[in-house]
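Engineer: In numbering that gives the first Met the number 0, the protein residues as written are 0 to 95. Note that the Cβ used here is the ideal one computed from N, Cα and C, for glycine as well. Below you'll find the structure I mean.
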Amino acid sequence: MKGDSLGRQPWIIEAEIMPRSGVNDPQGEAVMSGLHALGFSGATRVRCGTVIRIETVASSEADAIRQGTEMCERLLANPVIEQYVVSASLATAASR
0 MKGDSLGRQP WIIEAEIMPR SGVNDPQGEA VMSGLHALGF SGATRVRCGT VIRIETVASS
60 EADAIRQGTE MCERLLANPV IEQYVVSASL ATAASR
């Protein structure tokens, strides 16, 4: 994907969304229980979250991160129980 007439380029936004500290994580507890049942007794804490990858166009890395942050705030994450980290990288044929 090439840049558009406004000088924007294709970017991959990644939003890593995790439960906030202190919030119950039943999926993480189930995974830890399973790990212990399989003999992985060294596992002491498991938190399960979601990584969402979005292809977009943006004028810069900062613009792509701003878009991803707004997406998290408005739709992707529940700010009461989840926290998120947004990163962005230029899209290449290999990253798609």
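Across which residues does DSSP place methionine 17 in a beta bridge pair?
Structural biologist: Residue numbering aside, residue 17 sits at position 18 when the sequence shown is read from its first letter. DSSP output for methionine 17 lists Gln82 as bridge partner(s).
Engineer: Does the structure place the segment 13-21 close enough to the segment 60-79 that three or more beta carbon pairs sit under 8 angstroms?
Structural biologist: The segment 60-79, when compared against the segment 13-21, does touch it at the 8 angstroms Cβ threshold.
Engineer: Would you list the one or two residues that DSSP bridges to proline 25?
Structural biologist: By one-based count along the sequence shown, residue 25 stands at place 26. Partner(s): none; proline 25 has no beta bridge.
Engineer: Restricting to runs no shorter than 3 residues, where is the beta strand (DSSP E) found entirely within the segment 20-70?
Structural biologist: Those beta strand (DSSP E) runs which fall completely within the segment 20-70 and span 3+ residues are 49-57.
Engineer: Would DSSP call leucine 89 helix, strand or coil?
Structural biologist: In the sequence shown, residue 89 corresponds to position 90, counting from 1. Note: leucine 89 maps to strand in three-state DSSP.
Engineer: Could you round the C-beta distance between leucine 75 and isoleucine 51 to whole angstroms and report it? I think they count as a contact, below 8 angstroms.
Structural biologist: Start at 1 with the first residue of the sequence shown, and residue 75 comes out as number 76. Start at 1 with the first residue of the sequence shown, and residue 51 comes out as number 52. Confirmed, Cβ separation roughly 6 angstroms.
Engineer: Output the distance between the C-alpha atoms of valine 85 and arginine 73, rounded to the nearest integer angstrom.
Structural biologist: By 1-based counting over the sequence shown, the position of residue 85 is 86. By 1-based counting over the sequence shown, the position of residue 73 is 74. If you take the alpha carbons of valine 85 and arginine 73, they lie about 14 angstroms apart.
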